[in-house]
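Inspection log for the structure reproduced underneath, given as structure tokens.
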Amino acid sequence: MAQLTGLTFGGKNWIPQFVQAINQAKCIGCGRCFKVCGRNVLSLRAMNEEGEFVDNEEDDEIERKVMTIANQGNCVGCQACARICPKNCYTHAAYALA
Ligand code: SF4
Ligand code: SF4
1 MAQLTGLTFG GKNWIPQFVQ AINQAKCIGC GRCFKVCGRN VLSLRAMNEE GEFVDNEEDD
61 EIERKVMTIA NQGNCVGCQA CARICPKNCY THAAYALA
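Sequence positions in the sequence shown follow the UniProt record's numbering and run 1 to 98.
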């Protein structure tokens, strides 16, 4: 199957690997991936004991924070997030052309 192919500044082909999923069971909420992503794709969110997202940051029920994909459509497939993640949480994939 054909994949979306880009070009480097030097004119070489490369295949962007777009973010697909973050394993929130493994995520420690360190925020490293958020810092390296220059495309406003990611968002750190609070979770309660039951694993449900809590929007009120002051809520006593908050147990931990995990990274989420807020704007997948902004991703350019650079994989910087996966490279910096210490817990190997990321799954990426090329874009399959029809
Ligand atoms: S692959 Fe690049 S653009 Fe996409 S979420 Fe990761 S750091 Fe951001
Ligand atoms: S770098 Fe990995 S462990 Fe840290 S917040 Fe991002 S996904 Fe979670």
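A virtual CB, placed ideally from N, CA and C, is assigned to each residue, including glycine.
Owing to the predicted nature of the structure, the values given are computational and were not obtained by experimental measurement.
If Ala80 sits next to Ile62, beta carbons under 8 Å apart, how far is it from one beta carbon to the other, in whole angstroms?
If you number the sequence shown from 1, residue 80 lands on position 80. If you number the sequence shown from 1, residue 62 lands on position 62. The beta carbons of Ala80 and Ile62 sit about 28 Å from each other, so the pair does not count as a contact at 8 Å.
Among residues of its own chain, excluding the 5 on either side of Asn71, which ones have a beta-carbon nearer than 7 Å to its beta-carbon?
Working through the sequence shown from its first residue, we reach residue 71 at position 71. Asn40 and Val41.
Does the distance from the C-beta atom of Tyr95 to that of Gln3 stay below 8 Å?
As a working note, residue 95 is residue 95 in the sequence shown. As a working note, residue 3 is residue 3 in the sequence shown. Their beta carbons are under 8 Å apart, which means Tyr95 touches Gln3 by this criterion.
Within the same chain, show all residues whose beta-carbon is closer than 7 Å to that of Cys27, passing over the 5 residues directly before and after it, in chain order.
Within the sequence shown, numbered from 1, the residue matching residue 27 stands at position 27. For Cys27, where only same-chain residues beyond five positions count, the Cβ hits under 7 Å are Val66, Met67, Lys87 and Cys89.
Cβ-heavy atom distance, Gly31 to ligand 2, below 7 Å:
On the sequence shown, position 31 is the one that residue 31 refers to. Yes, ligand 2 has a heavy atom inside 7 Å of this Cβ.
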